[in-house]
Amino acid sequence: MKKLLSVMLLVSLTASLVAACGSTKSDSANTDKSNGSTTKSEKVVAWAWDPSFNGAALKIAEELYKKEHPGFELEIVDMAKTDLEQKLNTNLAAGVKEGLPDIILVNDPNIQKYVTSYPNTFADFTDKVDFSQFSSYKVDALRIDDKVYGVPFDIGVTGMFYRSDYLEQAGYKAEDLENITWDEYIEIGKVVKEKTGKYMATINPNDEALTSILLQSGGSWYITPENKGNFVDNPAMTDTLRIYKAIADSGIAKPVTGWSEFVGSFNAGDVATVVSGVWQVASIMDAKDQSGKWKVAPIPRLSVEGAVNASNEGGSSWFVLDGSANKDLAIDFLAKTIGGSSEFYERFLNENGGVGSYIPSFSSEAYSQTSEFFGGQAIYSDFTKWSTEVPGITLGMYTQEAKDALKNELPNILNGADLTQSLANIQKLFEQQVQ
Amino acid sequence: MKKLSAAGTHLFLIIVSVISLFPFLWMLIGMTNSSSDIVKGKFSFGSMLSDNITKLLDMTNLGAAFGNSAIIAIVGTIGTLLLSSMAGYGFEIYRSKGKNRLFGVLMLSMMMPFAAVMVPLFRLFSKMGMLNTPSAVILPSITTAFMIFFFMQNTKSFPRELLQAGRVDGLGEWRLFSRIYMPTMKPTYAAAAIITFMNYWNSFLWPLIALQTQDKKTLPLIVSSLASSYNPDYGIIMVAIVVTTLPTVLIFFLLQKQFVQGMLGSVK
Amino acid sequence: MGSKNKSSLMGWQFVILPSALIILFSFYPMIQSLLLSFQSGKGTVYHYVGLNNYIRLFSDPMFKQAVLNTLLYLIVQVPIMLALGLVIAFLLNMPKLRFKGFYRTAIFLPCVTSLVSYAVLFKSIFAVDGVLNQMLMSIHIIQEPVAWLMDPIWARVVIIAAITWRWTGYNMIFYLSAMQNIDPSIYEAASIDGASKIRQFFKITVPMLKPILLFTAIISTNGTLQLFDEVVNITNGGPGNSTMTISQYIYNLSFVYTPNFGYAATVSYAIVIMVAILAFLQLKVGGEKE
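See the structure below:
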């Protein structure tokens with residue numbers, strides 16, 4: 001009995017001690033906050049998901065803002081992107097404000113989803129930032145019912161990175177890669193494969209990156225602005241899937257099953273081209289031995305009306321929580337830095353290789369620099385030029401649902417099923433999912 | 001014939017062991033290589049170990065995370081073992097219709113996917129004012145139907161004559177439990193401790209939600225955020241993974257003796 | 001009779017506190033979730049829909065696909081894993097076997113690996129240029145690399161292999177610890193009587209371990225029907241949705257798609273009902289008395 005009692009006592013003691021530690025700590029955090037507010041609270045908390053990219057951007061912004069507001073303090077909480085989304089959803093769904101930050105990073109396809117699912121949760125930025133200074137497709141993604149809900153941040157304007165040495169070996173010059181269609185791309189790929197033995201591209205049926213790039217370059221998306229499925233009677237969708245299948249069938253694409261394999265394939269020199277967002281520059285430059293061998297061209301285009309040689313892959317924006325204690329400070333901080341400072345974007349590019357959509361920064365020295373790695377090409381001025389051509393689309397609320405519906409049918413399409421029938425199936429599946 | 005079957009046994013066990021261990025070797029090798037070598041699948045030791053360790057220590061507060069994980073796992077394991085074995089003992093030794101029904105109902109609790117109860121559970125802990133504390137991580141799984149069930153099933157082979165003998169000696173109910181049941185069931189406690197420690201140590205989804213500030217984070221949360229950057233450094237991740245894995249391996253080494261004790265006693 | 005009455009009153013002091021904790025931390029949220037399953041909407045904007053969510057289940061192709069995938073894992077993987085775990089435990093419990101400490105540790109280790117390492121590892125082994133393909137090609141079993149994770153059938157095989165790799169040692173621990181309660185003299189007597197090892201396994205070990213076998217069967221059934229980590233981290237449900245499980249679907253409904261917590265709760269209750277029925281059947285077949 002004694003022994004047992006003592007063990008139980010020990011356990012309950014430890015447990016209560018732990019609980020006490022926890023609560024006193026959080027108490028002290030609270031008092032910190034209230035203490036702060038008496039001396040005018042200047043601390044803002046932000047959630048971000050990549051310390052070497054968007055976290056680093058916040059640090060730059062903090063430095064800039066501190067020049068005018070010396071008392072300003074920023075705490076950045078790093079976590080994985082999916083973790084962040086999950087925490088945010090749980091907090092908001094439970095109606096628990098405790099522990100939420102003032103600022104969060106939102107992936108662009110999630111914007112409408114969040115604003116619609118959690119009304120009155122995110123601060124309105126409409127009058128806080130001069131949005132005419134940003135690429136319009138980026139602002140379009142943030143606008144819901146005439147209100148703009150955040151500050152545009154990084155963009156993923158796409159380019160076709162290519163190994164100039166492989167393509168030369170196959171008999172192609174830089175001009176041959178400008179303004180081409182995807183069908184021409186496939187033909188070039190066949191020659192490259194034949195002459196150099198290298199693949200033209202990678203393909204991963206589990207990843208929707210390529211289909212997304214193709215769709216947006218045709219001014220279209222998986223769903224309509226009214227959040228309906230956009231699979232049937234959509235020439236851009238039909239052509240996207242036709243090209244996707246053609247690439248898969250042509251044998252010019254090396255199959256990869258995940259991100260690290262994808263990156264590994266070009267770092268190892270297995271592929272001649274990589275069609276991807278501008279942020280891929282960092283991964284490409286990881287292979288230091290390939291310096292001078294890379295170049296970037298505009299991406300190929302679809303064979304439909306209105307299609308352009310420019311698109312976007314990924315990108316994110318900063319939101320402020322409407323209920324946060326330091327809402328006004330957080331808004332001011334973002335508006336003065338990420339929402340309106342050319343210096344911020346110049347430093348972000350120089351220090352972290354991040355590209356934004358703030359037009360005034362495009363004419364800066366940072367954006368016109370040439371890159372030795374890319375054979376002396378001024379890659380960022382090219383990327384920003386293409387970014388102004390990217391068609392603006394509404395990402396809507398159900399992008400992920402629509403992608404999954406497509407993924408479900410993609411194996412059948414690749415196996416040669418009738419495309420019209422397949423698209424009808426996808427449309428039906430999507431409509432069943434979204435009700 | 002005998003020798004042949006012994007050789008067969010060893011061959012089988014060696015194959016299973018190699019398959020089981022291969023990833024650990026890969027992990028150790030990875031720890032000493034650069035990220036790009038790991039992606040390329042380089043299968044030999046490199047010279048990046050100290051670089052990777054330094055970078056990891058620079059990037060994260062590994063010590064604090066280790067401490068947080070340790071408190072949660074140790075307190076949680078002690079509590080779970082005690083509470084679950086009590087319940088398992090009570091349900092099995094003193095079987096009755098009422099208790100059987102209660103246990104049947106409790107079993108339902110482990111059949112619910114965690115993702116579905118997360119939001120209400122989060123609200124509950126917010127009301128109790130315990131978010132962002134180790135208690136919030138420990139309490140929801142401090143007694144589980146799973147562990148109670150485990151103790152019940154093992155108690156079925158517990159020699160009840162021992163309790164009878166204890167009663168004759170005049171021991172009370174709690175003392176029968178602590179003086180007779182607990183020492184006899186050592187192998188069961190050891191197995192339960194390993195499993196529970198591992199569950200707490202590796203738990204991810206709930207700590208992610210319940211812990212809110214950087215200083216309260218546990219090791220798996222750190223590893224997860226490292227692995228998710230746009231350009232993950234696998235060398236650093238490998239070091240973090242090894243650090244995360246070591247304690248559970250250690251606990252296993254410490255406790256596994258309990259499984260063989262009975263056996264050694266009989267062989268002498 | 002007298003002792004039975006006594007035991008129905010006795011023992012409650014051991015049971016009350018743990019039961020109360022489970023009720024607070026599991027049943028309270030479960031009841032909230034049950035109430036939620038009669039609602040539908042987006043995020044915090046939802047309304048009462050009666051049984052509509054439950055009706056929707058039956059016409060939801062994604063849900064059907066997830067159930068089929070999950071049941072496939074259950075039927076194929078659980079028996080393989082339990083049999084393997086039991087055989088290994090039996091071998092490791094043989095008094096005269098050498099190096100058993102090494103084997104035991106090696107075989108247990110996979111289940112201590114954290115999720116991230118597990119995912120990084122399996123993806124790299126089964127990659128197109130991965131170790132496995134290179135090995136198979138070097139011994140000429142295959143001519144060209146197999147895209148394991150891109151073929152619906154192979155992807156399922158990989159998932160099953162991964163779960164088996166990770167959880168066999170875990171079940172072995174349960175068996176090993178339970179075997180310590182079997183009196184070794186029973187085996188000795190059987191050996192003297194000339195019973196082979198195989199006969200001993202089926203005539204002594206299996207019957208003596210019945211309670212723990214039942215336990216692992218129910219736990220594994222439960223674990224498989226809630227399977228999540230492996231699939232999300234290795235194939236993320238692909239290719240297509242051919243490896244997606246019910247739990248992953250619940251997760252997607254709550255945290256990946258436009259959140260519909262009501263419908264997610266409904267899908268969760270579908271799991272509860274399925275596990276409850278299977279556990280009940282297993283207890284019946286396992287000969288557990290009321």
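Residue numbers (the UniProt record's numbering), protein chains in the order written: chain A, 1 to 435; chain B, 1 to 268; chain C, 1 to 290. Beta carbons are placed, not taken as given, at the ideal position from N, Cα and C, and that holds for glycine. Here the structure is a predicted model, which is why all the values come from computation and not from measurement.
Residue nearest to A/A297 within the set A/G396, A/A93, A/D176, A/T257 is A/D176 (criterion: CA-CA distance). Comparing alpha-carbon positions, the option among C/F261, C/M30, C/T243, C/G101 lying closest to C/H47 turns out to be C/F261. Taking the beta carbon of A/Q400 as reference, the chain C residues within 9 Å of it are N252, V256, Y257, T258, listed in sequence order.
Here B/M147 is buried, its C-beta having at least 16 other C-beta atoms within 10 Å. Straight-line spacing of the CA atoms in A/V281 and C/Y175 works out to 53 Å. Following the DSSP letters along the chain, one finds A/F319 inside the beta strand (DSSP E) bounded by residues 312-320. The criterion of a C-beta distance shorter than 8 Å is satisfied by C/F215 and B/F149. The C-beta of C/T44 comes closer than 8 Å to at least one C-beta of chain A. For A/Y185, the uninterrupted alpha helix (DSSP H) segment begins and ends at 182-196. Chain-order list of chain B residues neighbouring C/S114: N202, P220, V223, I241, T244, T245, by C-beta distance under 7 Å. Per DSSP, the unbroken beta strand (DSSP E) holding C/V45 starts and ends at 45-48.
Near chain B, meaning a CB-to-CB distance below 8 Å, the residues of the segment 79-102 of chain A are M79, A80, K81, T82, D83, Q86, K87, T90, N91, A93, A94, G95, V96, E98, G99. Between A/F134 and A/I359, the CB-CB gap stays under 8 Å. Taking a beta-carbon distance threshold of 8 Å, A/D286 counts as an interface residue toward chain B. Annotation for A/F333: the continuous alpha helix (DSSP H) segment containing it runs 327-336.
One alpha carbon belongs to C/A66, the other to B/I29, and they sit about 37 Å apart.
Under the three-state reduction of DSSP output, A/Q432 falls in the helix class. The beta-carbon of A/V281 is placed no less than 8 Å from the nearest beta-carbon of chain B.
Look at C/G262: its C-beta is not under 8 Å from any C-beta on chain B. Taking 8 Å as the threshold, the shortest C-beta distance from C/P239 to chain B does not fall below it. Rounded to the nearest angstrom, the Cβ distance from C/I142 to C/L149 is 16 Å, too far for a contact under 8 Å. For the segment 232-266 of chain A, the residues whose beta carbon sits under 9 Å from a beta carbon of chain B are, in order, W259, S260, E261, V263, G264. Contact of B/R95 with chain A is not assigned, every C-beta pair being separated by 8 Å or more. Rounded to the nearest whole angstrom, the C-alpha separation of C/K123 and A/P51 is 25 Å. Here C/Q13 is exposed. Its C-beta has fewer than 16 other C-beta atoms within 10 Å. Contact check between the segment 116-129 of chain A and the segment 155-170 of chain B: fewer than three CB pairs, one atom from each, fall below 8 Å, which does not count as touching. Taking the Cα of A/W49 as reference, the smallest distance to any Cα among B/I237, B/F253, B/A227, B/M238 is reached at B/A227. One thing to note: A/Q216 has its Cβ within 8 Å of the Cβ of A/P391.
Within the segment 29-85 of chain C, the complete alpha helix (DSSP H) segments of 4 residues or longer fall at 52-58, listed in chain order. The continuous beta strand (DSSP E) containing A/Y162 extends over residues 151-163. Within the segment 195-253 of chain B, the complete alpha helix (DSSP H) runs of at least 4 residues fall at 205-210, 219-227. Rounded to whole angstroms, the gap between the alpha carbons of B/S20 and C/L109 is 7 Å. Chain A places a beta carbon closer than 8 Å to that of B/M59, counting this residue as a contact. Checking the DSSP bridge columns, you'll see A/D78 partnered with A/A48.
Neighbours of B/Q164 across chain C, judged by C-beta separation under 8 Å, do not exist; the nearest C-beta is about 11 Å away. Interface flag for C/P18 against chain B is set, since a Cβ pair is found closer than 8 Å.
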